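A.B. asks: 540 is the number that the working numbering gives to position 249 of the sequence shown; each next residue is one higher, with no gaps. Don't be surprised by glycine CBs; every beta carbon is placed ideally from N, CA and C. Just so you know, these numbers come straight off a predicted model, no measurement behind them.
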Amino acid sequence: MFKHAIVRKPCKNFQFGISTSNLGKPDYQKALLQHSKYVEELKKCNLSVLELNEDVRFPDSTFVEDTAIVDKEFAVITSLGAKSRQGEEIEISEKLKTFYGNIESIIKPGTLEGGDVMKVEECYYIGLSNRTNNEGANQLKQILKRYGYSSSIIPLKKVLHLKTGISYLGDAILLVSGEFKNHPDFRKYNLIEVQEGEVYATNSLRINKYVFIPEGYVNLKNQLLNFSFRIIELEMSEFEKMDGGLSCLSLRF
Numbered sequence: 292m293f294k295h296a297i298v299r300k301p302c303k304n305f306q307f308g309i310s311t312s313n314l315g316k317p318d319y320q321k322a323l324l325q326h327s328k329y330v331e332e333l334k335k336c337n338l339s340v341l342e343l344n345e346d347v348r349f350p351d352s353t354f355v356e357d358t359a360i361v362d363k364e365f366a367v368i369t370s371l372g373a374k375s376r377q378g379e380e381i382e383i384s385e386k387l388k389t390f391y392g393n394i395e396s397i398i399k400p401g402t403l404e405g406g407d408v409m410k411v412e413e414c415y416y417i418g419l420s421n422r423t424n425n426e427g428a429n430q431l432k433q434i435l436k437r438y439g440y441s442s443s444i445i446p447l448k449k450v451l452h453l454k455t456g457i458s459y460l461g462d463a464i465l466l467v468s469g470e471f472k473n474h475p476d477f478r479k480y481n482l483i484e485v486q487e488g489e490v491y492a493t494n495s496l497r498i499n500k501y502v503f504i505p506e507g508y509v510n511l512k513n514q515l516l517n518f519s520f521r522i523i524e525l526e527m528s529e530f531e532k533m534d535g536g537l538s539c540l541s542l543r544f
């Protein structure tokens, strides 16, 4: 059960962040409203939410998930792979000292972003991507081993981050799309395959008794209802334009 979350308000330079989409520039005021609703729903799920002020130095800084890996006993400060984002982790590191006595760090030349790290019970999966390199992944493996966790490195083919194409919903259930539908590392789990045309919604988020999904993905919603999940739909259009999903917007622990 999650008790805490850290979020950061989108900054006025949000539209100048990194994006590979062809969906156009985000509407800043609409992004603020969508983010506010996201925070509201976290609080309704009984999370205590630390809301950080916007940081205009870093257009992508609302995507706080990439800055740290957070578990029950420890946190790991990442080494961001995108140069324009390097430095976002500094304030996050300071804030996490309030919650953790054990804080580890990924050291350069290693790079690692939180969007490439997925925990499934006692195992961590680490995606190798344009943002996370072998050195960073192996540093994390060694840290996790010290805390008693197993881990597996997953080379990515097409997706930006690991959790762009796969999400853990608890109870041995994975939401998968694209290159992960037939991936041998995940065959032992119960897989829900996201249909073509709804791939963005693969990045859904289990928050205690609820599953957050992007608004407007009817097929996925019906699939999840068949598994008796309690669903909260959130409008994410402005974050999708900037390659961001539901998990990207918070650190949860």
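1. Please list the terminal residues of the continuous beta strand (DSSP E) segment that includes Val408.
2. Per DSSP, what are the beta-bridge partners of Phe471 in this structure?
3. On the premise that Ser352 lies in contact with Arg422, defined as a C-beta separation below 8 Å, what is that separation, rounded to the nearest angstrom?
4. Please classify Arg521: is it buried, with 16 or more other beta-carbons within 10 angstroms of its beta-carbon, or exposed?
5. Helix, strand or coil for Arg299 per DSSP?
6. Taking 6 Å as the cut-off, is the CB of Ser443 close to at least one heavy atom of the ligand PLP?
7. So, is Ser327 buried or exposed, given that buried needs 16 or more other C-beta atoms within 10 angstroms?
8. Within the same chain, show all residues whose beta-carbon is closer than 8 Å to that of Lys316, passing over the 5 residues directly before and after it, in chain order.
9. Mind listing, in chain order, the continuous alpha helix (DSSP H) runs of no fewer than 4 residues lying wholly within the segment 306-363?
10. By Cβ distance below 6 Å, which residues in the same chain neighbour Tyr496 in space, the five residues on each side in sequence not counted?
C.D. replies: Let me lay it out:
1. 408-411
2. DSSP output for Phe471 lists no bridge partner at all.
3. Not really, about 15 Å apart at Cβ, beyond 8 Å.
4. exposed
5. strand
6. The ligand content of the structure shown is nil, which means the ligand PLP is not present either.
7. exposed
8. Gln306, Lys532
9. 319-335
10. Here residue 496 turns out to be Leu, not Tyr, going by the sequence shown. Closer than 6 Å at the Cβ level, and outside the excluded window around Leu496, lie Phe503, Leu537, Ser538.
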